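To start, the structure itself, in structure tokens.
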Amino acid sequence: MSVYTTIPTITYATAAEAVRHTLDIGAEQGLKLCATVVDPALGLVAYGRADGMTPHSVETSRRKAQTAASTRKSSAAVPAELATAMENGTGGLLTRIPGGVPLVFDGVLVGGLGVAGGPPAEDAKVAAAVLEALGAAPVGDAG
1 MSVYTTIPTI
11 TYATAAEAVR
21 HTLDIGAEQG
31 LKLCATVVDP
41 ALGLVAYGRA
51 DGMTPHSVET
61 SRRKAQTAAS
71 TRKSSAAVPA
81 ELATAMENGT
91 GGLLTRIPGG
101 VPLVFDGVLV
111 GGLGVAGGPP
121 AEDAKVAAAV
131 LEALGAAPVG
141 DAG
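In the UniProt record's numbering, the protein residues as written are 1 to 143.
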């Protein structure tokens, strides 16, 4: 019987690249965004923000990233009927606002990315573009 487990975790270099892609793609679209990357245990790995982005988006991006890492699905995939109970039951740790995506490489979950600062639908589009730029699994293939 093993006395420990091994949990694959995104590297700082890849997490920082995800943040850079988020800010660059957002700027190309005229959006002032922020990005949070967490590991599978929901620990912060990287964070970045565009100058002038909305202050509350810091927390929103963190919750989106944590939701994606925890559920292994996009934050938008949380069923509406669970949204309030989930947010209350986790002390606000998780959210169903679009813009959070799991970071999966070669079928292995290594973290979550949360994009915030724009309209939620745009945040989700940027997050999907970041997955593509990183060579990560698209959201539908992340499970």
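All residues carry an ideal CB built from backbone N, CA and C; glycine is no exception. Everything numeric in this text was worked out from a predicted model, so none of it was measured.
Neighbour-count burial assignment, residue i, 16 or more Cβ in a 10 Å radius
i	result
ALA108	Checking the sequence shown, residue 108 turns out to be Val, not Ala. By the 10 Å Cβ count, VAL108 comes out exposed.
ASP51	exposed
MET86	buried
SER2	exposed
ASP39	buried
Closer than 7 Å: residue i CB and nearest the ligand FAD heavy atom
i	result
THR60	No copy of the ligand FAD appears in this structure; indeed no ligand is present at all.
Residue i, enclosing alpha helix (DSSP H) - first and last residue
i	result
TYR47	Taken as a continuous stretch (DSSP letters only), TYR47 belongs to no alpha helix (DSSP H), being part of the beta strand (DSSP E) at 44-49.
GLY52	Neither: GLY52 is in no alpha helix (DSSP H) and is coded neither H nor E.
THR6	No alpha helix (DSSP H) holds THR6; DSSP gives it neither H nor E.
Residue i vs residue j beta-carbon contact at 8 Å
i	j	result
ARG49	VAL58	yes
GLY111	ALA69	yes
THR11	ARG63	no
LEU44	THR36	yes
ALA46	ALA15	yes
For residue j and residue i, believed in contact at Cβ under 8 Å, the rounded distance
i	j	result
THR67	GLY91	Incorrect: roughly 13 Å between the Cβ atoms, too far for contact.
THR22	VAL130	5 Å
VAL126	GLY26	6 Å
GLY118	LEU33	6 Å
SER74	VAL139	5 Å
Per DSSP, cross-strand counterpart(s) of residue i
i	result
ALA116	CYS34
VAL108	PHE105
GLY100	GLY114
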